[in-house]
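Protein chains: 4
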Amino acid sequence: MNHVILIDCQDQKGLISKISTTLFDANLNITEMKEHVDVSSNTFYMRCEFAGSADLEKLKQTLSAQLPREAHIKINPKKKKDLIVFATKEHHCLSDILIRHSFGELNGEIKCVIANHRDLRDIVMKFGIDFIHIPHENKSKEEFEREILEVTKKLNPDYLVLAKFMRILSPNFVSHYPNKIINIHHSFLPAFIGANPYRQAFERGIKIIGATAHFVTDNLDEGPIITQKTNQVDHSYSADDMKKSGRDIERLALAEALAHALEDRIFVTGNKTVIFG
Amino acid sequence: MNHVILIDCQDQKGLISKISTTLFDANLNITEMKEHVDVSSNTFYMRCEFAGSADLEKLKQTLSAQLPREAHIKINPKKKKDLIVFATKEHHCLSDILIRHSFGELNGEIKCVIANHRDLRDIVMKFGIDFIHIPHENKSKEEFEREILEVTKKLNPDYLVLAKFMRILSPNFVSHYPNKIINIHHSFLPAFIGANPYRQAFERGIKIIGATAHFVTDNLDEGPIITQKTNQVDHSYSADDMKKSGRDIERLALAEALAHALEDRIFVTGNKTVIFG
Amino acid sequence: MNHVILIDCQDQKGLISKISTTLFDANLNITEMKEHVDVSSNTFYMRCEFAGSADLEKLKQTLSAQLPREAHIKINPKKKKDLIVFATKEHHCLSDILIRHSFGELNGEIKCVIANHRDLRDIVMKFGIDFIHIPHENKSKEEFEREILEVTKKLNPDYLVLAKFMRILSPNFVSHYPNKIINIHHSFLPAFIGANPYRQAFERGIKIIGATAHFVTDNLDEGPIITQKTNQVDHSYSADDMKKSGRDIERLALAEALAHALEDRIFVTGNKTVIFG
Amino acid sequence: MNHVILIDCQDQKGLISKISTTLFDANLNITEMKEHVDVSSNTFYMRCEFAGSADLEKLKQTLSAQLPREAHIKINPKKKKDLIVFATKEHHCLSDILIRHSFGELNGEIKCVIANHRDLRDIVMKFGIDFIHIPHENKSKEEFEREILEVTKKLNPDYLVLAKFMRILSPNFVSHYPNKIINIHHSFLPAFIGANPYRQAFERGIKIIGATAHFVTDNLDEGPIITQKTNQVDHSYSADDMKKSGRDIERLALAEALAHALEDRIFVTGNKTVIFG
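Chains A, B, C and D, in that order, give the protein sequences. The first sequence lines up with residues 154 to 430 when you count with my numbering. The second sequence lines up with residues 154 to 430 when you count with my numbering. The third sequence lines up with residues 154 to 430 when you count with my numbering. The fourth sequence lines up with residues 154 to 430 when you count with my numbering.
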């Protein structure tokens, strides 16, 4: 079975030598290896895929013994990760994920879809996925999120995907899933943070619209960016035309971000991402 | 000789019929015609090129008699417009304009280059263009701009092009040239307004950089956008790499905006542009 | 109800005047008008949308009386057109069309899906669309196409959409639907005509892959091009990676072409298209 | 001083370990390392930059002793390479190179410009570069190329850059500079090989134009592709409009290819390139 090693630690001379030699000595074959040094923080990041059977615990110890003390080392089997998808009323990102999932292109398992409205129940049910309706009306955000957490804690997903989920999650909720919640924002961040970005873009008279997939943090639309896509528009586009045109780049930006996450290709470093795509 | 008619007025039924019939009756041949209705302000915009010799004054009167009272009608001969280019130390946008000008691709005449530093004197002189050094040091902005105005008022250009001119022009200066000053801003506006946008972009960890050409208004980097270009980047780009990569899209965004302006293809409507490209 | 007028005829002075005045006199409001003159063939193309109730027959006669004798004039109501979608085993283009159709984004009605394999039966049935399995094995192309024609002739669709349909249609079949069959070819035509374009692209070592939606004519992959999309690749892409990456641009190129067709935005002129997008 | 190591050899387990350990043992600091395995030919490619002073000959021997016998190992100092630029009448690619060179952005030294016409003499002279006029008229290709070779052999450049050089070089000439001649072709290869690609593109009615920088081999326009760029066009573009629009992507494709070459980032493998960009 193939595995992915993810390492980040203080940079120093010889890291690649030490890591690659450890793998070679363990008779493992490196099939893909990428590294990056963030100069400002002097941090070394590496993602490495290997084939071959290994005593993972021992491998981790051997690596640990050679790397700087505070090194983070993860060795993950290459297998499907579990997702929960969140949605509200707009279907396009959810539909895209359902289709990819349905044809085995997603590298992940959708455990359920949680939505605060019933609009998308039909499309989810078509694909045999559990649709869990958790309305937000007539309850506090705290209560709303408690109901959500009850579901997510039970299913214990690797990632939560906000596929046009139109509720803002509280810092408390987010704290349960640091760097595990992926959102699609319908603008070229950091432009047009917040509500109605296409309306904002239209009012500003921009000539290119954007979509941004990012991890959710406490600050609305300010988490680490994973992918961005853009599309040319012109003066003939109404705010609604921009919204329609934006759907395709939203779907693609989210799908690409999700693929990176599901294949363990993302490091979060401060408020940025390193992506070994 | 070919001419360009530019009309904007309140929208109403029959405008295209009236205008095209007027041209037909004057035995003129429409070679290109584009129109746009801004629904929110109920404004009709039209750009129309025609071939054939006409009594322009009479044509304007005939059009005027048929269009809504407050209609703006301009009939411009298709000929080269006059430019003054402003620069500071960075050459790439200026070089691009000089080269295009030198080979007759610009549809405009550069009357002179004004710069607040001497760094680009050589490249300008190579092309036989007047280089006017107006330093900003040791003088008030008022004084600095008065010296500039002395030059610009004498040469009376159609457009002022800020090709990486690193001084902010005062509202007073701008008021002399409404919708006549084109700036290139090295970000995807409205993201990263102000100084050091590539540094800001780097700090934010964005995955696409941008460049925006726009008309200059009183509010820094907030004037009507003409063109925008983007380029993919990733975590391996330093702020300086982004800056380097950005040069090519800055050059192209400015060149395209300039081409639109020089061919009378831009209407400014509020803080937006209608571009009949 | 809104209507679309499509006119093509020999170019001459005054056409816009005549057409727009005719509409104005009939008290119709032009909401969108675009024209193009193909200089090499001296042909005038116009697409015009109008609002207002009209005696269409009379309108057509009035236009006809004023335009050059051989003018083609069509006045179509703006309403959904009927489609038949063809597929084989790959789902991505079909899925995309099904999803857009399901959420009313397609501006068309899918009458049925015809496939020469059963693989996509499930996804089609999920959306309540008729799935008609017409295998090609053990029969002549003539027989195969006769069976297809039986279905298509009965349903009388406006367009046939080949959504990764892996059978080549005979000139005889195509002759039943001139400029009515839209195909998606998985390359940047005219590069890599024929089978296995991603394999061809991989062998050639290209750095950008493409997808092309086009009308089907007698000559394989040589019909009038409607839309093209491209994606950056590099040496790390296998032929299979290119194929995967190509799916997204194939879906988008076909969806965009289909939208143009369903909104009466395409003229075919010789082996080219004029698209009033 | 920094150096670049370029290695290609048969792939086998442990290569990264051996190479990185050799560098570590020599007390060298790897600042950038990228590798690729071409699965079909089982070939390992690596580009590695290191800082630190080394006995290069000894380093090469040590590496050689550990790598498969037929390994190619090059250790180049990171320094400017020498270029000769070839042109005919069109200026845009040449101008772009001259400007970048003039401002130290090229990472190379232009030894001279060779042209078969005099049209571009002025622009070259402006930049203080030798302009060598070698007309092709009234002489055989053999004679023409012999005159060119006289110059190139004397100046011994690292790369020959065909910046819109409109003469086809013979296999004999090319054999002197294998994988050292970079051409810009004004189409999206392999579409529109040969003369007048924009005319061909126009006739075919394509919706995207392209430009391709590639190494020159015996077969016209069929050498290993380095970079490709594309631009959207539509039915309103004449062949000449396409040509104008194409200039910008031609300049950028060639500039990017040149940058890769000058920084030792390209491996040629069969008729393809591996580019560690």
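No residue lacks a Cβ here, since even glycine has one placed at the ideal position from N, Cα and C.
According to the DSSP secondary-structure assignment, residue 363 of chain A is paired through a beta bridge with A:383.
Below the 7 Å Cβ cutoff, chain B contributes 177, 182 as neighbours of residue 166 of chain C, in chain order. Shown here, residue 399 of chain D sits in a helix according to DSSP, grouped into three states. From the beta-carbon of residue 174 of chain B, the residues of chain C found nearer than 7 Å are 170, 174. Secondary-structure assignment with DSSP links residue 261 of chain C through a beta bridge to C:234.
The beta carbon of residue 188 of chain A sits closer than 9 Å to some beta carbon of chain D. Residue environment analysis places residue 381 of chain C among the buried positions, since at least 16 neighbouring C-beta atoms fall within 10 angstroms of its C-beta. Pairing residue 292 of chain D with residue 333 of chain D, the inter-Cα distance amounts to about 25 Å. Excluding the 5 residues flanking it on each side, residue 424 of chain D has same chain C-beta neighbours closer than 8 Å at 370, 375, 376, 377, in chain order. In terms of CA proximity to residue 233 of chain C, C:263 leads the group C:210, C:263, C:207. Between residue 337 of chain B and residue 364 of chain B the beta-carbon gap is near 6 Å, inside 8 Å, which marks them as a contact.
Per DSSP, the unbroken beta strand (DSSP E) holding residue 337 of chain A starts and ends at 334-338. Under the three-state reduction of DSSP, residue 175 of chain A is assigned to helix. Where residue 197 of chain D is concerned, the enclosing beta strand (DSSP E) starts and stops at 196-204. Residues of the segment 334-346 of chain D that bring their beta carbon within less than 8 Å of a beta carbon in chain C comprise 341, 342, 343, 344, 345, in sequence order. Nearest to residue 359 of chain A by alpha-carbon distance, out of A:301, A:267, A:390, is A:390. Remark: fewer than three beta-carbon pairs, one from each stretch, lie closer than 8 Å, so the segment 156-176 of chain C and the segment 272-281 of chain B are not flagged as touching. Beta-bridge annotation (DSSP): residue 161 of chain D is paired with D:198, D:225.
Straight-line spacing of the CA atoms in residue 179 of chain A and residue 414 of chain A works out to 27 Å. Secondary structure note for residue 185 of chain B: its beta strand (DSSP E) is the uninterrupted segment 182-191. Put simply, the backbone Cα of residue 331 of chain B is about 34 Å away from that of residue 248 of chain D. Assigned with DSSP and collapsed to three states, residue 342 of chain B falls in coil, not helix or strand.
The DSSP-derived three-state label of residue 282 of chain B is coil.
Taken atom to atom, the span from the alpha-carbon of residue 202 of chain D to that of residue 231 of chain D is near 9 Å. Counting only the Cα atoms, residue 317 of chain D lies some 21 Å from residue 303 of chain D. Annotated as distal: residue 284 of chain B and residue 254 of chain B, with beta-carbon spacing of 9 Å or more. The beta carbon of residue 228 of chain B sits closer than 7 Å to those of 156, 158, 209, 212, 213, all from its chain and outside the five residues before and after it, given in chain order. Taking residue 397 of chain A as reference, the option from A:408, A:419, A:355 with the minimal CA-CA separation is A:355.
For a Cβ distance threshold of 8 Å, residue set 279, 280 of chain B lies close to residue 279 of chain D, ordered along the chain. Among the residues facing chain A, residue 237 of chain B is not included, as its CB has no counterpart in that chain under 9 Å away. Linking residue 350 of chain C to residue 372 of chain B through their CA atoms gives a straight-line distance of about 52 Å. Cβ neighbours of residue 240 of chain B within its own chain (closer than 7 Å, five residues either side excluded): 247, 266, 268, 273, 316, 317, 318. The C-beta of residue 385 of chain C comes closer than 9 Å to at least one C-beta of chain B. The distance from the Cβ of residue 162 of chain B to that of residue 223 of chain B is about 7 Å, consistent with a contact at the 8 Å cut-off.
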